[in-house]
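A quick write-up on the structure given underneath.
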Amino acid sequence: MSPTADHQPCHDTFTAGNATCQTDGDHSESVLSIDSIEVLCQITPAMPASLSTSIEPPFSSIPDPRFFFPSRQHDEALTTLLEGIETRSGLLVLTGERGIGKTTLCRVLLDRLGHHIKRSFIFHTPPTTDNLIQQIQDDFGLPTTGNPVQDREDVRTPFLVRNRLDGGDAILIVDDAHNLFPDSLDVIGALFQPGTHPEQLIQVLLVGELSLLDSLTASTVPTLGDSKTTCDHLEPLEPEELKDYIAYRCMVAGSRGDSPFSVGAVTKIYQESGGIPGRINRICDETLHSTATYGLVRITDDLIVLPDSETVGSERSGITQPSGALPFVAPPSQHA
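Residues 1304 to 1639, numbered by my numbering, are exactly what the sequence shown covers, in order.
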């Protein structure tokens, strides 16, 4: 391969962290020595070779249903919720700690519901009960009167009653329901309970952290001891599921290669994340950004970067750039 204006042969050594990389002549491949471990790397690409064909960030924090990984826990929960909605089995409750994948699961659930089911999905907790009612009305396409009491009644009657008499179904899904005020839960309970109507008018799914259960017992929402209440709790991924989880997200992102993380790296990611998908994504995303300019074929455990517990994707270090965007790093100086 002869030198060109774009490719000049060089003999260079540069360091990145505890890594030392040497280039030899016009060879594009080099050997990277990291703690006595030799790893092949490409000088030109700005990401692991296995992800060089990715068309989008594989570990974004956005709850995208395309990236839903059907772990045993998540698949069972999805099946339970779908069956509960289909059979109109009563109040549905889904709990799990932050980052476990509750919101993504809800979006998958909505995608799998029939189009005949009218739905309202409260994604962000409304600051007031009146805001909650207004968003429900907006989702169901109902006009508002400006009178909160009248608006609450209009959701229930005539809309829900008429919808049910016409053979229609409706569902209300409230994410982060543990943040709702007691009177907001009471309003939801009033919509859910049949009252003078002989049938349940709307299916309700409340999603939140474990503290949601305490809130429910203190509200007029049917108690958790009710035989018509279905509760499910999401647990972290199993250790043996993590490798497939990472590979699956890379595949959905458009990668045609293998996962860039070594077996040791996957083990460390699990140890540090506890199997929580949100934490896994932050660690993988941060690590890919940190090692982007190395051009590694494989990322080993000593290169795993643990982000601050409060940073997510593009929020790192106050830098406002899209999650998955590669930060600019000055190239090593060239020596004759």
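Beta carbons are placed, not taken as given, at the ideal position from N, Cα and C, and that holds for glycine.
None of the values given here were measured: they were computed from a predicted structure.
- In this structure E1544 is buried. Its beta-carbon is surrounded by 16 or more other beta-carbon atoms within 10 angstroms.
- Cβ neighbours of I1586 within its own chain (closer than 8 Å, five residues either side excluded): I1572, E1575, S1576, I1607, V1608, L1609, P1610.
- Pairing I1403 with I1579 gives a Cβ-Cβ distance under 8 Å.
- L1475 is bridged by DSSP to S1423, V1507.
- Close CB contacts of V1458 within its chain, under the 8 Å cut and outside five residues either way in sequence, are with I1436, I1439, Q1440, F1443, L1445, L1494 (chain order).
- One thing to note: R1401 has its Cβ no nearer than 8 Å to the Cβ of P1368.
- In summary, L1509 is buried, with 16 or more beta-carbon neighbours lying within 10 Å of its beta-carbon over all protein chains present.
- Classified as buried, A1380 has 16 or more neighbouring CB atoms from the shown chains inside 10 Å of its CB.
- The beta-carbon separation of L1397 and G1387, rounded to 10 Å, does not stay under the 8 Å limit for a contact.
- Annotated as distal: V1490 and T1431, with beta-carbon spacing of 8 Å or more.
- Taken through DSSP and simplified to helix, strand or coil, D1535 comes out as strand.
- Going by DSSP, T1432 is part of the alpha helix (DSSP H) stretching over 1432-1443.
- In the structure shown, T1460 adopts helical secondary structure according to DSSP, grouped into three states.
- From the listed residues L1488, A1473, G1560, D1472, the smallest Cα separation to D1479 is found for L1488.
- Contact check for I1505 and L1463: beta-carbon distance about 6 Å, within the 8 Å limit, so the pair qualifies.
- Looking at the DSSP output, T1596 sits in no beta bridge, so it has no partner there.
- Just measuring C-alpha positions, the residue of I1365, P1373, F1362 sitting nearest E1541 is P1373.
- Contact between H1536 and G1393 does not hold, since their C-beta atoms are separated by about 17 Å, which reaches or exceeds 8 Å.
- Here T1448 is exposed, its C-beta having fewer than 16 other C-beta atoms within 10 Å.
- In the structure shown, the three-state DSSP call for V1411 is helix.
- Counting C-beta atoms within 10 angstroms of its own C-beta, S1518 has 16 or more neighbours from the protein chains shown and is therefore classed as buried.
- Rounded to the nearest whole angstrom, the C-alpha separation of A1550 and I1583 is 13 Å.
- For T1523, there is no enclosing beta strand (DSSP E), as DSSP gives it neither H nor E.
- Under the DSSP assignment, L1384 falls in the alpha helix (DSSP H) whose first and last residues are 1375-1389.
- When only Cα atoms are considered, R1455 and S1423 end up about 15 Å apart.
- When rounded, the separation of the alpha-carbon atoms in S1514 and G1598 is 44 Å.
- T1382 and I1365 have their C-alpha atoms spaced approximately 23 Å apart.
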